[in-house]
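Protein chains in written order, with our numbering: chain A, 1 to 301; chain B, 302 to 677.
Using N, Cα and C, we set each Cβ at its ideal position, and we do this for glycine too.
Notes follow once the structure below has been shown.
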Amino acid sequence: MAEQDWKQQKRPFAAVSLTPLFWTLLFFVIPMAFVWFYSFGRNVGLTDIDIVGTLDNYKRATEWLYLSIFLKSLAVAALVTLICLIVGFPVAMAITFASEKWRPWLLLGIMLPFWTNLLIRTYALMIVMGQQGYANKGLEALWGGASWLKTLVGLQPMETWEPLPLLYNNFAVVVGLVYVHLPFMVLPLYSALDRLDKSLIEASLDLGAGHLKTLFKVVVPLAAPGIIAGVMITLIPALGAYLTPDLMGGTDSQMIANVIERQFKRANDWPFGAALSFLLIYAMFALIALQGMRKKTGEVK
Amino acid sequence: MTDSKQPIIQIRNVTKRFGKVAAVDNVSLDIMAGEFFVLLGPSGCGKTTLLRMIAGFEVPTEGQILIDGQDMSRVPPNKRPVNMVFQSYAVFPHMSVADNVAYGLKIAGVGRGEREDRVKEALDLVKLGGFESRMPDQMSGGQRQRVALARSLVMRPKVLLLDEPLSALDAKLRAQMQFELSDLQDEVGITFITVTHDQDEALSMASRIAVINKGEVSQLATPSDLYEFPANRFVADFVGSVNIFEGKLIIDEPDKAAVDCPGLGKVYLNHGVTGPHGADVWVALRPEKMYLHVQGAGKTVEAAAKDAPEGHNFARGVIKGMSYLGDITLFEIQLESGAMIRVSRPNLSRHDQEDFTWDDKVSMHWRADSPVVLLG
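The structure is reproduced here in structure tokens:
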């Protein structure tokens, strides 16, 4: 009813939506349109681009060299999303079932990193994971302790500790991306779980189900919208991640965004960069469309 | 309830504290097999906490709960031989009606054939045959409640717990479900324990009622005993409507008693009270227990008093408020002392309410065994 009334008020609706629409048009749609046109163009000279309607850029972008990086980015993003989901679900559950007093603080803890610049957070993580970082120092101490214990019972001490190469590889990229994207996963999960009628969980227990069965038969299916939202909101930015692989990755861990950056800067090949960018955008559109289709079939059922 | 059988549920000195507040305070109750037992009380009195402790969702701070003779202290909810119908019904929204009802059976490992038979049987019992493939969001509140009932009954629990089962239904449906729940309980023979704040619901369905106030059992009695012989002011006031007057016990003999109430005058009773002489007591008088007469047609109030049957108590007043409720009319009457009293009068003929109007002088009388003298 309320929605109907609201739809009938066309003028105020137009008035409030015009400004953001105009904003989006001016600063998003039009500039993106330029990039889109560039993707059909060709470099002439250092700064001039002729839009000649060629598909050469796209042909080059789908060559195995670039396609493989693209697929690898997708795999990394998927892995990051999966880890975020596995780590984030229990966290979201814990926040949901925490006492009223604790919940705001736990939520604050999840959101706190948002208030810090991504660059600073990334460098901070690099300090932890470096050759002489806490992670390696801590492991070294543990190793030393274990070695000492062995000597105590009369065994040979272990070999000296070699710091683990935690940084500048694919492992570091995945850890960094999980670290950055975890809040994006936890918040939609939390909002879905918070809306869940707790008596449904009790009803399941009451009918004889244990906690694990209740989790997989009641909680997870009912939190599905939140899980899908969390997956999308994690997967899409992770797919386009640039800073984390750039700073924490090694030579073999570049992702598609790093390749795109190189085209715009070092290679000065804007048309090719534009084509790669749009392939990435199309992929994201496809993901969102997939989610939309799933929602529709769900409603029909 | 002179049942020689062992109680199906024994609640022994159970206390539940949340922080420093005792939601349930040293409650002991025995509930017999086959009873329709109601926990009645205002919101926040601890009745739901008590029910949830029987189900296993809350753990008693002190005391013990035994189901069928077995201590439930260390038994989790999913291992208890009781099932619960939740206030929100808690029907799983992502499962069809049949899947909802089959849920507990599947977990218990009941084979497909038997499962389908029992689901059908349970749905027929709650008159939802043919609704198997419906989804909960395609059903009304009343139907969803039936699903919740079937889902619990299909487990054949020893005790069925119902948390405010009718509170979300509209008045007509509620009245109908009151009868249906009673019939259902007769049919399946399972012990029902219901929590409610609605006295009508409690009176109409229960075999016994425990009135809970501030975490304690205020009175445990059958519905009619609870209404006609309330043990204290709280019960008298909470169950039904009542006039309560403070007074002093001036006569107390085995076959008669009298209370002098500043508000109502001297009230005579034809039975003893067994309270200390001169004690502060309260007289409770239900609005429907009084006969009301209007002064008029040449009849004075005094004449009406003479008409009052032998042995009746008598009072006079002026009508200050009336509310016509269809079946009865409720009068607010100011007594000569200035105190107010409520009297209800059945509208036996279609024109009854026309005899009375505001500021009419009226008289009322009542039997000597109608008032209840309360010591607390």
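Closer than 8 Å to chain B by CB, residue i
{"i": "A:E140", "result": "no"}
{"i": "A:A203", "result": "yes"}
{"i": "A:G208", "result": "yes"}
{"i": "A:V16", "result": "no"}
{"i": "A:M1", "result": "Residue confidence is low: A:M1 scores 46 on pLDDT, short of 50, so the model does not pin down where it sits. Its coordinate-derived value is still stated next. Taking Cβ atoms only, chain B never reaches closer than 8 Å to A:M1, which makes this a no."}
Under 7 Å by beta carbon: chain B residues contacting residue i
{"i": "A:D197", "result": "S389 and A391"}
{"i": "A:L200", "result": "A391 and F393"}
{"i": "A:T213", "result": "The question names Thr, but residue 213 of chain A is Lys in the sequence shown. Those are I408, listed as they occur along chain B."}
{"i": "A:V218", "result": "F393"}
Three-state secondary structure (DSSP) of residue i
{"i": "B:K515", "result": "coil"}
{"i": "A:H181", "result": "helix"}
{"i": "B:N544", "result": "strand"}
{"i": "B:K459", "result": "coil"}
{"i": "A:N170", "result": "helix"}
{"i": "B:A598", "result": "Reliability of the predicted coordinates at B:A598 is poor, the pLDDT of 48 falling under 50, and the value obtained from them is presented with this limitation in mind. DSSP places B:A598 in coil when its eight states are reduced to three."}
{"i": "B:P394", "result": "coil"}
{"i": "B:V568", "result": "strand"}
{"i": "B:F530", "result": "coil"}
{"i": "A:K101", "result": "coil"}
{"i": "A:Y242", "result": "coil"}
{"i": "B:D418", "result": "helix"}
{"i": "B:K621", "result": "strand"}
{"i": "B:I491", "result": "coil"}
{"i": "B:G364", "result": "strand"}
{"i": "A:L55", "result": "coil"}
{"i": "A:M255", "result": "coil"}
{"i": "B:Q388", "result": "coil"}
{"i": "A:T62", "result": "coil"}
{"i": "B:R445", "result": "helix"}
Nearest-angstrom Cβ-Cβ length linking residue i and residue j, presumed shorter than 8 Å
{"i": "A:P188", "j": "A:G230", "result": "4 Å"}
{"i": "B:W583", "j": "B:E547", "result": "6 Å"}
{"i": "B:A356", "j": "B:R381", "result": "7 Å"}
{"i": "A:I236", "j": "A:V186", "result": "No, A:I236 and A:V186 are not in contact; Cβ-Cβ is about 16 Å, not under 8 Å."}
{"i": "B:V328", "j": "B:I312", "result": "6 Å"}
{"i": "A:S199", "j": "B:F387", "result": "4 Å"}
{"i": "B:E589", "j": "B:S525", "result": "So it is not a contact: roughly 14 Å between Cβ atoms."}
{"i": "B:L586", "j": "B:S671", "result": "7 Å"}
{"i": "A:N57", "j": "A:A275", "result": "4 Å"}
{"i": "A:L193", "j": "A:T122", "result": "That belief does not hold up - the Cβ atoms of A:L193 and A:T122 are roughly 29 Å apart, past 8 Å."}
{"i": "B:D499", "j": "B:K549", "result": "Not quite, the Cβ-Cβ distance comes to about 35 Å (not below 8 Å), so this is no contact."}
{"i": "A:D206", "j": "B:M385", "result": "5 Å"}
CB contact check: residue i to chain D, cutoff 8 Å
{"i": "A:K101", "result": "The structure shown contains no chain D; the protein chains it does contain are A and B."}
Contact list for residue i against chain B, beta-carbon separation under 8 Å
{"i": "A:K265", "result": "Chain B residues near A:K265: none, gap ~50 Å exceeds 8 Å."}
Chain A contact for residue i (CB, 8 Å cutoff)
{"i": "B:I629", "result": "no"}
{"i": "B:A469", "result": "no"}
{"i": "B:I681", "result": "Beyond the ends of chain B as shown, which are 302 and 677, falls residue 681 of chain B; an answer cannot be given."}
{"i": "B:P378", "result": "yes"}
{"i": "B:M701", "result": "Residue 701 of chain B lies beyond the range of chain B shown here (302 to 677); nothing can be said about it."}
{"i": "B:G442", "result": "no"}
{"i": "B:G320", "result": "no"}
{"i": "B:G412", "result": "no"}
{"i": "B:F564", "result": "First, the amino acid is wrong: residue 564 of chain B is Gly here, not Phe. Answer no: the Cβ-Cβ gap between B:G564 and chain A never drops below 8 Å."}
{"i": "B:G677", "result": "no"}
{"i": "B:Y625", "result": "no"}
{"i": "B:I310", "result": "no"}
{"i": "B:Y569", "result": "no"}
{"i": "B:Y592", "result": "no"}
Where residue i meets chain A, residues with beta-carbon distance less than 7 Å
{"i": "B:H395", "result": "P221 and L222"}
{"i": "B:Y528", "result": "Within 7 Å Cβ-Cβ: nothing; B:Y528 doesn't reach chain A, min ~32 Å."}
{"i": "B:G405", "result": "L207 and G208"}
Chain A contact residues for residue i, given Cβ-Cβ distances below 9 Å
{"i": "B:R452", "result": "A203 and L207"}
Chain-ordered chain A contacts of residue i [CB-CB under 8 Å]
{"i": "B:N384", "result": "D206 and L207"}
{"i": "B:G622", "result": "Near B:G622 there are no residues of chain A at all, since even the closest Cβ is about 39 Å away, more than 8 Å."}
Against chain A, which members of the stretch 340-374 of chain B pass a CB distance test of less than 7 Å?
Of all residues in the stretch 340-374 of chain B, A356 and F358 have a Cβ within less than 7 Å of some Cβ in chain A.
Of all the residues that make up the stretch 422-448 of chain B, which are near chain A by a beta-carbon distance shorter than 7 Å?
Within the stretch 422-448 of chain B, no residue qualifies.
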